[in-house]
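Letter by letter, the sequence shown follows residues 856 to 1028 of this note's numbering.
Contents: one structure, followed by commentary.
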Amino acid sequence: MNDIDPNVVGDFSALVLLAGAVFVVVALTRQAGRNALSGDALRLVTIVAGGAVAGSLYFSEIADFVPCEMCWFQRIAMYPIAAIGVMATLRRDRAVLPYVAVLAGVGLVASVYHIGIQLFPEQSTFCEAANPCSARWVEGLGWMTIPQMAGTCFAVILAVSITGIRTPVKETP
């Protein structure tokens, strides 16, 4: 039934995430870039979170990878960001950005912890033996695991949200 190789999806996802992260970092170095990120903050947050949700659903529902406990914590943080992002984008409600930033921060902490479990599996007592958090289902571009992809998404969302909060949107005349 599954015609798409999960490793191809992982490679594509890792490539898109790295390009997006580089774009955000470069944009943050200039005032014009920060202004652009701030003006499009809601759309960018929604696109990144929506892509993360789609990716997580692909890996669990199509590729049949069973999410571990840490994956669930990351989903608990990401899924509301996607839903809030869609609603806020449609309503042009930038007031949600602080809430999105908090969710992204919590998700980033969970991702970093999960990455640590993958790097040092002998130190983990957190996850169940039948479905360990140390499992590496996919390594996009040969190294980027699912928690690293999630962490990159959370970091981008956090950076864009903070920029959207701190950089006022300039009205065009």
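Note that the Cβ used here is the ideal one computed from N, Cα and C, for glycine as well.
Keep in mind that this is a model prediction, so the values were computed, not measured.
In the DSSP assignment, Gly995 forms a beta bridge with Met999. Taken through DSSP and simplified to helix, strand or coil, Cys926 comes out as helix. Three or more Cβ pairs closer than 8 Å define a contact, and the region 924-931 falls short of that threshold against the region 887-900. Remark: C-beta atoms of Trp992 and Phe914 approach each other more closely than 8 Å.
In the DSSP annotation of this structure, the continuous segment of the alpha helix (DSSP H) that includes Phe878 starts and ends at Pro861 to Leu883.
One Cα belongs to Gly940, the other to Ala904, and the distance between them is close to 8 Å.
Ala959 is a Cβ neighbour of Leu1013, given a cutoff of 8 Å. One thing to note: Val1015 has its Cβ no nearer than 8 Å to the Cβ of Ala876. Non-local beta-carbon contacts of Pro861 in its own chain, meaning distances under 6 Å to residues more than five positions away in sequence, involve Ala918 and Val993 in chain order.
Residue Leu963 holds the alpha-carbon nearest to the alpha-carbon of Gln1003 among Glu977, Tyr954 and Leu963. For Glu977, the secondary structure class from DSSP, reduced to helix, strand or coil, is helix.
Contact between Thr1018 and Leu872 is absent: CB atoms are separated by about 18 Å, not below the 8 Å threshold. With a beta-carbon spacing of about 6 Å, Val955 and Ile936 fall inside the 8 Å limit used to define contacts.
The beta-carbon separation of Ser868 and Gly910, rounded to 6 Å, stays under the 8 Å limit for a contact. Rounded to whole angstroms, the Cβ separation of His969 and Met942 is 28 Å, and the two are not in contact under 8 Å.
With respect to the 8 Å criterion, Arg949 and Ala887 are not classified as neighbours on the basis of their beta carbons. DSSP places Ala1014 in the helix class (H, G or I) of the three-state scheme. Contact between Leu974 and Leu870 is ruled out by a C-beta separation of about 22 Å, above the 8 Å threshold.
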